[in-house]
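Numbering (the working numbering), first residue to last: 1448 to 1592.
Structure representation (structure tokens):
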């Protein structure tokens, strides 16, 4: 019984240390991105923005990703597998960040995120991503031809 508790403690320590390392990586990358920049110029340009339009754009962007998550959730659930819309949304957002690190890896990463928490087979998840992409192409062709 003690061994199991220690294992849980190790997992928790790993998760906390992973988050701290990712936070520090983010701070370091922000430092590199803004090193040598004049913050007065940045502030001056940002003060010209109409923040309502930015807020509306962000809300529509989040809505678009949530609808995409619902669509993928429907594809996953057709074979009886269960995945919550919230977790599928999280997987899609995580895949966007994965694409920033290694381009084009995001689709595989979102499949891995879902597989890690659910009993959905990886090959089935990859199949749903392929179906999703085919549907995207068909809809794109429909609207452009």
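Glycine is no exception: its CB is placed at the ideal position from the N, C-alpha and C atoms.
Nearest-angstrom Cα distance between residue 1588 and residue 1460? Residue 1588 and residue 1460 have their alpha carbons spaced roughly 49 Å apart.
Would residue 1534 pass as a contact of residue 1562 if the rule is Cβ separation under 9 Å? Not closer than 9 Å, so no.
Taking contact to mean 3 or more Cβ pairs, one atom from each stretch, closer than 8 Å, check whether the region 1520–1527 and the region 1562–1581 are in contact. Because the criterion of three Cβ pairs below 8 Å is met, the region 1520–1527 and the region 1562–1581 touch.
Return yes when the Cβ of residue 1537 is within less than 9 Å of the Cβ of residue 1566, no when it is not. One thing to note: residue 1566 has its Cβ no nearer than 9 Å to the Cβ of residue 1537.
Could you check whether residue 1532 and residue 1513 sit closer than 9 Å to each other, using their CB atoms as the reference points? Less than 9 Å separates the beta-carbon of residue 1513 from that of residue 1532.
Rounded to whole angstroms, what is the Cα-Cα separation between residue 1553 and residue 1502? For residue 1553 and residue 1502, the distance between alpha carbons rounds to 26 Å.
Three-state secondary structure (DSSP) of residue 1525: Coil at residue 1525, not helix or strand.
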